[in-house]
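Numbering (UniProt numbering), first residue to last: 1 to 185.
In structure tokens:
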């Protein structure tokens, strides 16, 4: 039986994203102050809305830096995807329900795309937004589950694809005996 394999989010990448978010909050603050000084209501509105939006994003990003978020968890039964807003989160995607797994690219970003044999039982448990977005992805040629590893630590799309195919392959050749957990540091 294979051990659990976890891909964590990179704290360094999150800190870099946090600095960009902080920069956007500062820019919005300057826009707000310029609007107040010149009595420009449009600039005040843009500064307030931008400041609130980017401030909320900054809080969310900083929280993730300290929590050590999991992006993907592979188990002998299936996998859990936490990598995006469309992720299935705590819903197990069983290996037996997967038709194929491959790398797919769109707009310069690569995903590990899983195609389900019977998508309805899994997709019926998701929100309406997730269902519509997944339907759009399928219409563009992607699988129902798309794992985004852009912020992953010590794991590339090819690494994850290889590991997932090992779990998917029931033959002894699909077994592996290396350390299967990526550090959260």
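Each residue gets a CB set at the ideal place from its N, CA and C atoms; glycine is no exception. These figures come from a predicted structure and were not determined experimentally.
task = Please name the residue, chosen from 20, 75, 118, 140, that lies closest to residue 107 on a Cα-to-Cα basis.
result = 140
key: Beta-carbon proximity list for residue 88, same chain, < 6 Å, skipping 5 on both sides   = 81
inquiry  = Do residue 60 and residue 28 have their beta-carbon atoms positioned less than 7 Å apart in this structure?
reply    = no
key: Delimiting residues of the alpha helix (DSSP H) encompassing residue 167   = 157-168
request  = Kindly provide the ranges of any beta strand (DSSP E) runs that are 3 or more residues long and lie completely inside the segment 86-165, ordered along the chain.
outcome  = 98-106, 109-116, 145-147
task = Out of 164, 18, 149, 48, point me to the one whose CA is closest to residue 9's CA.
result = 149
ask   = In chain order, what residues of the same chain have a beta carbon less than 7 Å from the beta carbon of residue 12, not counting five sequence neighbours either side?
value = Cβ neighbours of residue 12 beyond the five flanking positions: none.
Neighbourhood of residue 105 by C-beta distance below 8 Å, restricted to the same chain and skipping five residues each side = Here the set comprises 111.
ask   = Would you report the Cα separation of residue 169 and residue 94, rounded to the nearest angstrom?
value = Distance between the alpha carbons of residue 169 and residue 94: 13 Å.
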